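*Asks:* Per my numbering, the sequence shown starts with residue 336, numbered consecutively.
Don't be surprised by glycine CBs; every beta carbon is placed ideally from N, CA and C.
As the structure is a computational prediction, the values presented were derived from the model and not from experiment.
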Amino acid sequence: MVVENLAIADEFEDDPPEEEEEEEEEEEDLEDPMDTIREDCQNSHHCAAVKSRFMECEDRVNSGNGEPEEHCTEELLDFLHCADHCLAETLWKTIV
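1) Under 7 Å from any heavy atom of the ligand PLP, does the C-beta of Gln377 make it?
2) Would the stretch 389–407 and the stretch 373–381 be scored as touching if the rule is three or more Cβ pairs under 8 Å?
3) Give me the Cα-Cα distance between Arg388 and Glu404, rounded to the nearest whole angstrom.
4) Contact defined as beta carbons within less than 8 Å: I believe His381 pairs with Cys421. What is the distance between those atoms, to the nearest angstrom?
5) Identify, in the order they occur along the chain, each residue of the same chain with its Cβ nearer than 6 Å to the Cβ of Asp413, setting aside the five sequence neighbours on each side.
6) So what's Ser398 in DSSP terms, helix, strand or just coil?
7) Where do the N-terminal and C-terminal ends of the alpha helix (DSSP H) with Pro368 fall, by residue?
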């Protein structure tokens with residue numbers, strides 16, 4: 336009798352309740368709009384010039400054709416500033 340009860344208990348432990356499965360499905364469907372907006376802003380025409388300067392600098396440094404101590408910090412910060420500025424304006428419109 337005890338063995339049968341343990342076997343039945345094991346069956347219930349292996350099968351999660353349907354409510355938990357539904358919650359997991361709902362969580363998977365959620366998507367942060369900020370990620371999509373950030374990507375759109377990074378690819379927008381507003382940030383095209385600074386993105387181009389950053390990519391050129393990155394290519395130059397990675398190929399070894401740049402200055403010995405050259406890094407692209409300034410270009411990266413300019414690009415991120417542009418993208419964040421666009422993101423802030425657009426994100427607030429979707430929240431409100």
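*Replies:* Concretely, from the data shown:
1) Looking at this structure, you won't find the ligand PLP or any other ligand, since it has none at all.
2) no
3) When rounded, the distance between both Cα atoms is 18 Å.
4) About 6 Å separates the Cβ atoms of His381 and Cys421, confirming a contact at the 8 Å cut-off.
5) Cβ within range, chain order: Val385.
6) helix
7) Pro368 to Gln377
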